[in-house]
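Residue numbers (this note's numbering): 3 to 571. A quick write-up on the structure given underneath.
Here's what the structure looks like:
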């Protein structure tokens, strides 16, 4: 009599050797089949494998549990990045970068530029973690190796850099006024061969590298930059700039500079190349003193008052100026070293400011009183400038044999100096309305704000790289970031100026809405505005049932701001 069929399920393990020598360890679940009379395998499970030549089994990773196994979710900050995307498109910056560099380098440049703007000049080691929650054109992580290699490549790619400058120049308005100025970057590095002792605008005593920038004051956008050794004075840096301007397709630009770039040789260069200029002259220069004396009485007239600044009076005069120079090359029947002459019309615009005059008088008194106190205390070591002031404005004598030092002011010299306080002179080679010249020159001051923004908001106060070529690549990425910043600030300013402008045609509700937004903009910096929108998140969840997405709600004022800015339609 046969055994009774129990129907039990049995579990056992077995080993199977593969051709490569690995042994797979399997767990089998079996049951006897009464119909066929054979053992049937219900389930086979791989427990692990014993690698060839080893005795220990390596367990198989467990499967993910059922239910939420296929659910994936992401969360990204999209409010601020949407604004940055809009800036890149609307300004044409992204298009110009993509035209000038390879697609990979262009995506990295734009991503780094946006990061600096979004974080108000955050350091680059933080960028890779910041990318986790912020979408950028370069989707892969930008590590230290990635941006280090990018800066090296950009430093060698002068074709791409100059092409970008040309693309930006083509977008300028007709007959732009271009400010040209310099700043210095201090460094402790001994590998930067261009870092040299010279005039240091931060006054920290360190070697510096000079950064020269061209800036369109009416468009409020930078055009190009160049770097030079820190010991090169501004006054001899004009020639290369004039050559660079020839590379740009700019219609009749006027170059505005401050008195650091003034010299007769520089004025001659502008005239020889038929390039319009507007520059400030130091009021102590003979050329400036002569025109001040000529127009002094005219500046007292009521008609000389400035229509947009009652503190200023102005007048102008045209003079013929003869320039002389020595030839550097032989040609046109003349030899190198021969003296050549050229006569051109120059237009001088003389201004007087009571506020500036009072400030000059106060500073003059403070300087002389400080020198007098030092002399009375027995100080003997002075700078060359201080020695010149002492000799010019003081009369020193001894009272009696071995007596104490007696100090009196040279009142005639002091009066002569104070006579020209509050005056400043602009000179140009093209005729302008006197107050149009003043307005154009005042716009030049925007370049000083640019330098401040670049140092503070694009991580440019320190060099942070080892070599000069790498520094040029880093400065290129910083320059793109500043282009982003200038465009966005300009657009926000336009929004602010356009609010509450036509009160008569608005309803009470509309006026209140615009007034509220204008007050909000005025109370916040650009960094605070971007941070405000950075809290807008988009959460995306993928499940077996489909994709679901939602975005943080925003208040009506925020939506109104984005609409007026142009980010949303």
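Even for Gly, the Cβ is constructed at its ideal location relative to N, Cα and C.
Can you list, in chain order, the residues of its chain whose CB lies under 8 Å from that of residue i, leaving out five sequence neighbours each side?
{"i": "residue 216", "result": "180, 181, 182, 224, 225, 226, 227, 243, 246 and 247"}
{"i": "residue 273", "result": "325, 344, 346 and 431"}
{"i": "residue 24", "result": "51, 52, 53 and 54"}
{"i": "residue 234", "result": "200 and 212"}
{"i": "residue 320", "result": "347, 348, 349, 350 and 433"}
{"i": "residue 15", "result": "27, 28, 29, 30 and 49"}
With distances taken between CB atoms, is the gap from residue i to residue j smaller than 8 Å?
{"i": "residue 392", "j": "residue 191", "result": "no"}
{"i": "residue 252", "j": "residue 120", "result": "no"}
{"i": "residue 427", "j": "residue 285", "result": "yes"}
{"i": "residue 354", "j": "residue 301", "result": "yes"}
{"i": "residue 578", "j": "residue 556", "result": "Since the first and last residues shown for the chain are 3 and 571, residue 578 lies out of range."}
{"i": "residue 189", "j": "residue 213", "result": "no"}
{"i": "residue 58", "j": "residue 52", "result": "yes"}
{"i": "residue 494", "j": "residue 528", "result": "yes"}
{"i": "residue 467", "j": "residue 476", "result": "yes"}
{"i": "residue 152", "j": "residue 96", "result": "no"}
{"i": "residue 471", "j": "residue 81", "result": "no"}
{"i": "residue 469", "j": "residue 159", "result": "no"}
{"i": "residue 110", "j": "residue 148", "result": "yes"}
{"i": "residue 263", "j": "residue 236", "result": "yes"}
{"i": "residue 456", "j": "residue 480", "result": "yes"}
{"i": "residue 123", "j": "residue 383", "result": "no"}
{"i": "residue 352", "j": "residue 294", "result": "yes"}
{"i": "residue 42", "j": "residue 36", "result": "no"}
Where do the ends of the alpha helix (DSSP H) carrying residue i lie?
{"i": "residue 562", "result": "558-567"}
{"i": "residue 179", "result": "Segment 179-188 is the beta strand (DSSP E) holding residue 179; no alpha helix (DSSP H) there."}
{"i": "residue 248", "result": "240-248"}
{"i": "residue 291", "result": "288-297"}
{"i": "residue 451", "result": "448-459"}
{"i": "residue 140", "result": "Unbroken run through residue 140: none, as it is neither H nor E."}
{"i": "residue 102", "result": "95-102"}
{"i": "residue 436", "result": "436-445"}
{"i": "residue 105", "result": "105-120"}
{"i": "residue 131", "result": "129-132"}
DSSP has residue i in a bridge; who is on the other side?
{"i": "residue 278", "result": "256"}
{"i": "residue 539", "result": "79"}
{"i": "residue 46", "result": "30"}
{"i": "residue 424", "result": "According to DSSP, residue 424 bridges with nothing at all."}
{"i": "residue 327", "result": "342"}
{"i": "residue 217", "result": "181 and 224"}
{"i": "residue 265", "result": "None; residue 265 has no bridge partner."}
{"i": "residue 352", "result": "317 and 427"}
{"i": "residue 322", "result": "347"}
Could you pull the start and end residues of the beta strand (DSSP E) that residue i belongs to?
{"i": "residue 35", "result": "25-35"}
{"i": "residue 513", "result": "From DSSP, residue 513 is part of no beta strand (DSSP E) but of the alpha helix (DSSP H) over 510-524."}
{"i": "residue 312", "result": "Segment: none, residue 312 is in no beta strand (DSSP E) and carries neither H nor E."}
{"i": "residue 487", "result": "No beta strand (DSSP E) holds residue 487; the alpha helix (DSSP H) holding it covers 470-500."}
{"i": "residue 376", "result": "Where residue 376 is concerned, there is no enclosing beta strand (DSSP E), although the alpha helix (DSSP H) it sits in stretches over 356-378."}
{"i": "residue 399", "result": "396-400"}
{"i": "residue 166", "result": "It is not in any beta strand (DSSP E) - residue 166 instead sits in the alpha helix (DSSP H) that spans 160-172."}
{"i": "residue 230", "result": "223-231"}
{"i": "residue 11", "result": "11-19"}
{"i": "residue 201", "result": "Looking at the DSSP string, residue 201 is not in any beta strand (DSSP E), and its letter there is neither H nor E."}
{"i": "residue 195", "result": "Careful: residue 195 lies outside any beta strand (DSSP E) and carries neither H nor E."}
{"i": "residue 409", "result": "407-411"}
{"i": "residue 549", "result": "548-553"}
Rounded to whole angstroms, how far is the Cβ of residue i from the Cβ of residue j, which I believe are closer than 8 Å?
{"i": "residue 116", "j": "residue 156", "result": "About 16 Å; that fails the 8 Å criterion."}
{"i": "residue 130", "j": "residue 145", "result": "5 Å"}
{"i": "residue 49", "j": "residue 61", "result": "7 Å"}
{"i": "residue 498", "j": "residue 518", "result": "Rounded, the Cβ-Cβ distance is 13 Å, inconsistent with contact."}
{"i": "residue 424", "j": "residue 359", "result": "3 Å"}
{"i": "residue 395", "j": "residue 416", "result": "6 Å"}
Excluding the 5 residues flanking residue i on each side, which residues of the same chain have their C-beta closer than 6 Å to its C-beta?
{"i": "residue 257", "result": "180, 182 and 279"}
{"i": "residue 136", "result": "79 and 83"}
{"i": "residue 13", "result": "31"}
{"i": "residue 490", "result": "89"}
{"i": "residue 550", "result": "543"}
{"i": "residue 196", "result": "211, 231 and 470"}
{"i": "residue 18", "result": "26"}
{"i": "residue 377", "result": "409"}
By Cβ distance, which residues of its chain are closer than 7 Å to residue i, with the 5 residues on each side in sequence left out?
{"i": "residue 492", "result": "222"}
{"i": "residue 313", "result": "355, 356 and 357"}
{"i": "residue 397", "result": "410 and 412"}
{"i": "residue 260", "result": "183 and 282"}
{"i": "residue 178", "result": "218, 220, 221, 252 and 255"}
{"i": "residue 444", "result": "none"}
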